[in-house]
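Protein chains in written order, with my numbering: chain A, 669 to 678; chain B, 1134 to 1345.
For each residue, glycine too, the CB sits at the ideal point set by N, CA and C.
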């Protein structure tokens, strides 16, 4: 189950 | 968090401190593109709107505040104290050519058609090209103060380190962010020419000069 966002990155 | 991303963020932080240090020590913002700095403010403000509704970590929170605060501070310095040292005549890149396409691409490529997600995408695309006015200015003048090249090198290293970070995250967490990765690769690619001159000249103790 790939997660498609890196909203935890700067 | 992994080491690549942490070192990348550190390089990003360092680049901003180098730039502020350069302005204060040389009492000048000569060679710095106001347009690029203004674009970074737009990038940080549109991306970090999630400060109001998403909690990631204390680290993430303070870094976001720092990036917004420091980029606004740099604009402020360039418009007030060091304004006389700024030369708009050579900072001539047309940023409409960046803002327009980034808006269109953000409307097409986003993870959800909502205002904050579109702005997030916009900020990612805009960041990838925000350095262009600066590189354009560098191209026009054909030379740069050594400290300015250190600033650019740190920015490039920040972006370059995000690539192993994404590879690492793919294998350890299964995370793949096509928007961030595509824009990140473009952004890193823009630094390649600069890095060639930086490594072959500045790191050898010579002045940063582009071949005529």
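Measure the C-alpha to C-alpha separation of residue i and residue j and round it to an integer number of angstroms.
i	j	result
residue 669 of chain A	residue 1278 of chain B	In this prediction, residue 669 of chain A has a pLDDT of 47, which is less than 50 and means its spatial position is unreliable; what the coordinates show is noted afterwards. In a straight line, the C-alpha of residue 669 of chain A is about 48 Å away from that of residue 1278 of chain B.
residue 1344 of chain B	residue 1192 of chain B	42 Å
residue 1155 of chain B	residue 1169 of chain B	16 Å
residue 1243 of chain B	residue 1250 of chain B	6 Å
residue 677 of chain A	residue 1269 of chain B	28 Å
residue 1202 of chain B	residue 1304 of chain B	34 Å
Using a cut-off of 7 Å between C-beta atoms, extract the partners of residue i located in chain A.
i	result
residue 1196 of chain B	678
residue 1189 of chain B	676
residue 1310 of chain B	672, 673, 674
So that I know if they touch, is there some Cβ in chain A lying closer than 7 Å to that of residue i?
i	result
residue 1244 of chain B	yes
residue 1293 of chain B	no
residue 1346 of chain B	Look at the range of chain B in this structure, 1134 to 1345, and you will see that residue 1346 of chain B is not part of it.
residue 1326 of chain B	no
residue 1220 of chain B	no
residue 1142 of chain B	yes
Under the rule that 16 or more other beta-carbon atoms within 10 Å means buried, what is residue i, buried or exposed?
i	result
residue 1338 of chain B	exposed
residue 1151 of chain B	buried
residue 1283 of chain B	buried
residue 1136 of chain B	exposed
residue 1272 of chain B	exposed
residue 1200 of chain B	buried
Output, in chain order, the set of chain A residues within a Cβ distance shorter than 9 Å of residue i.
i	result
residue 1138 of chain B	677, 678
residue 1074 of chain B	Chain B is shown only over 1134 to 1345; residue 1074 of chain B falls outside these bounds and no answer can be derived.
Just the chain A side, please: which residues come within less than 8 Å of residue i by C-beta, in chain order?
i	result
residue 1183 of chain B	675
residue 1135 of chain B	In chain order: nothing, as chain A lies at least about 11 Å away.
For chain D, is any of its Cβ atoms less than 7 Å away from the one on residue i?
i	result
residue 1316 of chain B	No chain D appears in the structure shown, which is made up of the protein chains A and B.
Can you check which of these residues, the options, is closest to residue i by C-alpha distance?
i	options	result
residue 1217 of chain B	B:1301, B:1266, B:1177, B:1161	B:1161
residue 1323 of chain B	B:1309, B:1260, B:1224, B:1335	B:1260
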